[in-house]
Amino acid sequence: MREVDFNLLTFDAINQLSDLHELVAPLERALTISEEAGAKRKICQVTTHLATTYLVIGRYKQAFIYAGRALAAAKAAGDLPLVTYAQYILGWAEFHRGHIENAIRLEQELSEQLSGGLETARFGAVGVMSVRVRAFTSWFLTDLGRFDAAAREAAEAMRVADVMRQPLSQLLANMAVGYCLFRRGKLDEACDVLEKGYGICRSGGILGLDGFISGWFASALVRTGRDEEARRIVQRVIDRDLGRFCCVAGTYYTYDAKARLLARAGRAEEALRALEHGVSAMRSTRDSPHFAYGLFTRGELKRALGIEVETAEPDFRWARRRARRLGMTPLEAACEQALNVAS
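In my numbering, the protein residues as written are 98 to 440.
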């Protein structure tokens, strides 16, 4: 069981500093050992860590299955710390699988529990759990266009993070605020907040979120015409292969920004190839929300560049269909507008 104990003890640190593909085999072995020993709490812990690992590397179905198992076991044991973490991961997995309303429900249930004296609880994890939960709830609400509710969740996350002064929590809170502003079209404000988050991430060496905050920040920068800053950030992510440390969805934003930079430079074919790198990653992992964003952006680029224009309208229609099914109202509206321009 010492191998299991070591994996449990070091998981959070490795999660922030390593390529999580390397964790799958050790964690699967730890789960087998724990099951053979009948160690129920360790089974639950390892199962939750496996769910987290599968989620970050883009295997969302497996993440959903393992998080569900962990949550059921934690509830049966009445283990609040494990219930909290398993349900948080389950909601995150549901988002990427396209069940955004259920993701929000799961996270908001946790927010109600993580109040009062539990508002600052960490339960042994890196980062304050209520901040994690509210930050992700804000992200999910933002993609559905419920911007006021998203802003409230993000503000609450920021309030607690500022009190605790814990870097990962402050980073997540800044990301939530910045992402809501970004999708609302308040790009200058978004850049200011995301720049702060980017600084926290780099000074804290938080590799697990570096690729993601970098992608969001670069995407906001390029939309405000701050191309040179965006280019430096994108190149840093690619040169250091930072995408392998973070949730696969971070890849999409990096290549979205790169594609827009190349398009602005008149390098049309390279721009579409760069974007396709991000879109194909979302397609292969079945990341429903980000695949929908990718289809829309691909249509935008084709039309703007005058290349493969005949396939731009199908991209908008495909993105609209997915956005409507997912409840992503702002994206659906953007697709409608693009199709109306075409007609």
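For every residue, glycine included, the Cβ atom is placed at its ideal position computed from N, Cα and C.
DSSP places residue 383 outside any alpha helix (DSSP H), giving it a letter other than H or E. Just measuring C-alpha positions, the residue of 296, 299 and 274 sitting nearest residue 287 is 274. Distances from the CA of residue 333 to each of 345, 309, 321 and 396 were compared; the closest alpha carbon is that of 309. Under the DSSP assignment, residue 323 falls outside any alpha helix (DSSP H); it carries neither an H nor an E label.
Nearest in C-alpha terms to residue 178, of all of 218, 385 and 233, is 218. Of all C-beta pairs linking the region 228-242 to the region 416-433, three or more are shorter than 8 Å, placing the two stretches in contact.
Looking from the CA of residue 271, the closest CA among 159, 289, 142 and 282 belongs to 289. Using a C-beta cut-off of 8 Å, the region 384-399 makes contact with the region 407-421, since at least three inter-stretch Cβ pairs fall below that distance. Apart from sequence neighbours up to five positions away, the residues of its chain that approach residue 394 with a beta-carbon distance below 7 Å are 353 and 372, ordered along the chain.
Positions of the alpha helix (DSSP H) runs, each at least 4 residues long and wholly inside the region 204-253, are given as 226-240 in order along the chain. A direct Cα-to-Cα measurement between residue 303 and residue 266 gives close to 11 Å. Within the same chain, 295, 311, 314, 315, 318 and 354 come within 8 Å of residue 330 by CB-CB distance, once the 5 residues on both sides are set aside. If the five residues before and after residue 379 are omitted, its C-beta is found closer than 6 Å to the C-beta atoms of 349, 387, 388 and 391, all from its own chain and listed in chain order.
Of all C-beta pairs linking the region 154-162 to the region 126-144, fewer than three are shorter than 8 Å, placing the two stretches out of contact. Burial is judged here by how many other beta carbons sit within 10 angstroms of a residue's own beta carbon; residue 195 has at least 16 and is buried.
Judged by beta-carbon spacing, residue 261 lies within the 8 Å limit of residue 225, meaning their Cβ atoms are closer than that value. In the DSSP annotation of this structure, residue 425 is not part of any alpha helix (DSSP H), being labelled neither H nor E. Residue burial is scored here from C-beta neighbours: residue 422 has fewer than 16 other C-beta atoms within 10 angstroms and is therefore classed as exposed. With a cutoff of 8 Å on beta-carbon distance, residue 148 and residue 160 are scored as near each other.
Distance from residue 150 to residue 128 at the Cβ level is roughly 11 Å; contact not present, criterion being Cβ atoms closer than 8 Å.
Here residue 253 is buried. Its C-beta has 16 or more other C-beta atoms within 10 Å. Distance check between residue 343 and each of 199, 126, 305 and 268 places 305 closest, using alpha-carbon atoms only.
Apart from the 5 residues on each side of it in sequence, residue 385 sits with its Cβ closer than 8 Å to the Cβ of 193, 194, 195, 419 and 423 in its chain, given in chain order. With fewer than 16 other beta carbons inside 10 angstroms of its own, residue 285 counts as exposed. Residue burial annotation: residue 381 is exposed, with fewer than 16 other C-beta atoms found within 10 angstroms of its C-beta. By alpha-carbon distance to residue 247, the top candidate from 259, 258, 230 and 336 is 230.
In the structure shown, residue 288 falls within a helical segment according to DSSP collapsed to helix, strand and coil.
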